[in-house]
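Just so it is clear: in the sequence shown, position 333 is 333 by UniProt numbering, and no numbers are missing.
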Amino acid sequence: MEKDRSSQAPPPHVLVFPFPLQGHINSMIKLAELLALASFKLTFLNSHYNHERLVKFNNIAAHFERYQGFEFKTITDGLSLDHPRSGNWFLDMYKEAMELKMKPGLREMLENISPLVDCIIADGFLGFALDVAKELEIPIIYFRTSSPCSFWVYYSIPDIIQAGELPIKGSEDMNRLLTTVPGIETYLRCRDLPSFCRETDIEDSIIKLYVKQTRKSPQADALILNTAEELDGPILSQISTKCPRVYAIGPLHAQLNTRLKAKHGESYDHFSNTLWEVDKSCIFWVDKQPNRSVIYVSFGSITSTSREQLVELWYGLLNSKTKFLFVLRPNSVIEKDGRGGCCSGAYGEE
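(1) Classify Y296 as buried or exposed, calling it buried when 16 or more other Cβ atoms lie within 10 Å of its own Cβ.
(2) Do three or more CB pairs link the segment 140-157 to the segment 212-226 at distances below 8 Å?
(3) Nearest CA to the CA of M98: which residue from E71, S47, Y155, E135?
(4) Take the Cβ of D77 as the centre, count every other Cβ of all protein chains shown within 10 Å, and call the residue buried at 16 or more, exposed below.
(5) Kindly indicate which residue of L231, D123, G170 has the alpha-carbon position closest to the one of D201.
(6) Please classify E108: is it buried, with 16 or more other beta-carbons within 10 angstroms of its beta-carbon, or exposed?
(7) Looking at W285 and R329, is the spacing between their C-beta atoms short of 7 Å?
(8) Exposed or buried, which one is I55 when buried takes at least 16 other CB atoms within 10 Å?
(9) Which residues bound the alpha helix (DSSP H) around A254?
(10) Measure the CB-CB distance between S217 and G124 and report whether it falls below 7 Å.
(11) Give the C-beta separation of I168 and R189 to the nearest angstrom, bearing in mind that I take them to be a contact with Cβ-Cβ under 8 Å.
(12) Three-state secondary structure (DSSP) at Y154?
(13) Taking the beta strand (DSSP E) that K323 belongs to, which residues open and close that run?
(14) What separation, rounded to the nearest whole angstrom, lies between the Cα atoms of K288 and S237?
(15) Quick one: Cα of K212 to Cα of K41, how far?
(16) Measuring alpha carbon to alpha carbon, tell me which of V278, P139, L81 ends up nearest N50.
(17) Measuring alpha carbon to alpha carbon, tell me which of Q22, D232, L106 ends up nearest F246.
(18) Out of G183, K101, A133, Y94, state which residue places its alpha-carbon closest to the alpha-carbon of E111.
(19) Between T74, M93, L325, which has its C-alpha nearest G105's C-alpha?
(20) Using the beta-carbon count (16 or more within 10 Å), is S293 buried or exposed?
Given below as structure tokens:
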């Protein structure tokens, strides 16, 4: 006799909680959709600000309505609506909002959500989510959206400092090898470190922030990374000495495309989850260019530059005598008064 479906256990309820930046949302919304394809109940928790932009610039509702039990919820990022959210704005969020506003907001939501959450998959840069999960006795998995190599370097910063290999002693020091990061000690140079490691003060608040958040990772029930053993096996082995339950689950975009084609006969390419309005006016020009003939330049979702740096890079592209597509988001150019300027994308023939 066929088992009565009403007596079957409900699917596990997973809360996916990304750090409120574009690159983090990109990976975690793909992971959420993969879990939805596997019939999990999914709640995707986004900041109010970012969710409004997702809805404004993408057809989010239509894309995810096919998944029964997929729900978007929002939480404040703690910043005022008129905050520019440009440059290193997320540092303001850490200083002003996380403990005071986001943490209690997350706790309240988890206590009142129905059905209760069985597992949290939180961005590995949201240390307060781990604290709340432990308080409420909910299993939590960390997802670090950066590469395993960068995670391992962040984790090793205290060891680099203790060995006297930081701070960096000027531009002439940039090619010096760093010998205290296991697995990459034969080729990691000072110039390979993230820009905040170039501070002369090793007590710098940004350095402390990255170290604090990364060093909490072993407290999570597991750590997942958007890579594959074939790509990052040696580094994953090093990470597992600190985080025993580490899983390589990528590349997520390829997995999602494969499963969408198998189940719905489509790929992920038709769907966007951008937080900015997409300007497609350059596509006609790009399509007319020969393959592998165009340099693509983009600063991503948070990097800002001075106008002087921008002009220097611009002339470098012109002097390369190569066609280029240069994409700049609004407020990514810092003017002399400290405010962000708007500069649109550009493309050139020389």
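Backbone N, C-alpha and C define an ideal beta-carbon position, used for all residues, glycine too.
Taking the definition as stated:
(1) exposed
(2) yes
(3) S47
(4) buried
(5) G170
(6) exposed
(7) no
(8) Checking the displayed sequence, the identity of residue 55 turns out to be Val instead of Ile. Answer is exposed; the Cβ neighbour count stays below 16.
(9) 252-264
(10) yes
(11) With a Cβ gap of about 10 Å, I168 and R189 do not count as contacting.
(12) helix
(13) 323-327
(14) 45 Å
(15) 32 Å
(16) L81
(17) It is worth fixing the name first, because residue 246 is Val in this sequence and not Phe. Of the candidates Q22, D232, L106, the one whose C-alpha sits nearest the C-alpha of V246 is D232.
(18) A133
(19) T74
(20) exposed
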